[in-house]
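First comes the structure, then the notes that go with it.
Protein chains: 2
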Amino acid sequence: MRIGVLAKAAGVSVPTIRYYESIGLLTPPARQGGQRVYGGEAFKALSLIRHCRELDFSIDETRDILASVQRRLPCSDTKTFAEKHLGSIRKKIAELRALEATVAALVSGCETTCCGSAAPDCVILQPGCGAA
Amino acid sequence: MRIGVLAKAAGVSVPTIRYYESIGLLTPPARQGGQRVYGGEAFKALSLIRHCRELDFSIDETRDILASVQRRLPCSDTKTFAEKHLGSIRKKIAELRALEATVAALVSGCETTCCGSAAPDCVILQPGCGAA
DNA sequence: CTTGAACCTCAAGTGGCTTGAGGGCGTAGC
DNA sequence: GCTACGCCCTCAAGCCACTTGAGGTTCAAG
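Protein sequences appear in the order of chains A and B. Take any residue in the first sequence, count from 1 to its spot, add 14: that is its number in the numbering used here. Take any residue in the second sequence, count from 1 to its spot, add 14: that is its number in the numbering used here.
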């Protein structure tokens, strides 16, 4: 399997595969005439990487997950990764919701208070009101 | 006012101020003996930039907002920026909530179905289940 | 006059790729 | 054999918004 075939099969771009290899996430495959030739293992690994990235794990976390898969560590390890990740997703959601509330309040404040005045006086742009 | 004083007053780091100048967000100030000397206008501008960044506007959006302030465009322009921004914040929240649901489902699936088996067989790591 | 803090410029690193330049390999048709 | 084409190769730079570091200059205090 050449790189283009693998890329299509796993749903990942060709440069991305080379990038993963360059950072040591995918093990370098055999070569024929200078060109990379992959087997089924590479497809499995790349599919797993893609899955992790779709779940928004970082590259480093993905690397750790791959290692735990290759060592056949118990499932509880995997769950721990996922739970930690879930925590950071929830934290980010909370931050964004606070930001949403702030911006929404500024917009409605503008509508009721200052709409029609000039930009420099708009409540949305007053420093210190509702900093993130 | 030298750069260090401005930095403390506006709550921004010194290199960040120089960076803002390098990308044309802050107008270059006068110099005395090669060193930057700022007036009150710079403080106002920098405070506004900081405010925009805290509200998570991009640099380009911040640039547009600054321009609308300097031209004293009507407040409705500002509100439009804020509303657009609010839309993208809400979109990101929706994406993260979907991701949260996916990961949470995988974790509880692991607990009820596969907990105790080896990582490669864990439901969390099965490609195609619950892609973002 | 010396010390030390604050200032200066320029370059590189962060994350996770994408894009581009400039060239090599493999196969099909002539 | 020869060309045309698509796929492959490497290496470098670009994206965002800074931060960090190296190596050197200026200023204010003692």
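For glycine and all other residues, C-beta sits at the position ideal for the given N, C-alpha and C.
Please classify residue i: is it buried, with 16 or more other beta-carbons within 10 angstroms of its beta-carbon, or exposed?
i, result
"P29(B)", "exposed"
"K93(A)", "buried"
"A115(B)", "exposed"
"S82(A)", "buried"
"V137(B)", "buried"
"A145(B)", "Model confidence at A145(B) stands at a pLDDT of 49, short of 50, so the residue's coordinates are unreliable and nothing is read from them."
"I103(B)", "buried"
"I37(B)", "exposed"
"C24(B)", "Looking at the sequence shown, residue 24(B) is not Cys but Ala. Under this definition A24(B) is a buried residue."
CA-CA distance, residue i and residue j?
i, j, result
"R32(A)", "A118(B)", "32 Å"
"T76(B)", "R67(B)", "7 Å"
"I73(A)", "D135(B)", "21 Å"
"A44(B)", "R16(B)", "10 Å"
"K105(A)", "G54(B)", "38 Å"
"H65(A)", "G142(B)", "7 Å"
"R50(A)", "S90(A)", "35 Å"
"F95(B)", "E109(A)", "20 Å"
"L120(B)", "P88(B)", "49 Å"
"A133(A)", "G123(A)", "14 Å"
"I63(A)", "C129(B)", "21 Å"
"Q140(B)", "L69(B)", "38 Å"
"L40(B)", "R86(A)", "54 Å"
"G47(A)", "L60(B)", "57 Å"
"V19(A)", "L113(B)", "29 Å"
"E125(B)", "I107(A)", "24 Å"
"R111(A)", "D78(A)", "30 Å"
"Y34(A)", "L100(B)", "35 Å"
"P42(A)", "V26(B)", "44 Å"
"K98(A)", "Y52(B)", "46 Å"
"F71(B)", "L80(A)", "36 Å"
"F57(A)", "Q84(A)", "14 Å"
"S131(B)", "K22(A)", "31 Å"
"T127(A)", "T127(B)", "56 Å"
For residue i, which beta-bridge partners are listed by DSSP?
i, result
"A44(B)", "V51(B)"
"R16(A)", "V51(A)"
"P29(A)", "Bridge partners of P29(A): none, in fact."
"A132(A)", "P88(B)"
*Name, going along the chain, the residues of the region 79-101 of chain A whose beta-carbon falls closer than 9 Å to a beta-carbon of chain B.*
Flagged, chain order: I79, S82, V83, Q84, R85, R86, L87, P88, C89, S90, D91, T92, K93, F95, A96, E97, H99, L100.
*Within 9 Å of chain A by C-beta, residues of the region 113-130 of chain B in sequence order*: Answer in chain order: L113, E114, T116, V117, A118, L120, V121, C124, E125, C128, C129, G130.
*For the region 44-63 of chain B, which residues have a beta carbon sitting closer than 9 Å to at least one beta carbon of chain A?*
Of all residues in the region 44-63 of chain B, the ones placed with a Cβ closer than 9 Å to any Cβ belonging to chain A are K58, S61, L62, in chain order.
*Contact set between the region 16-39 of chain B and chain A, restricted to residues whose Cβ is under 8 Å from the partner*: Listed in chain order, the positions of the region 16-39 of chain B with a beta carbon within less than 8 Å of a beta carbon of chain A would be empty, since no residue qualifies.
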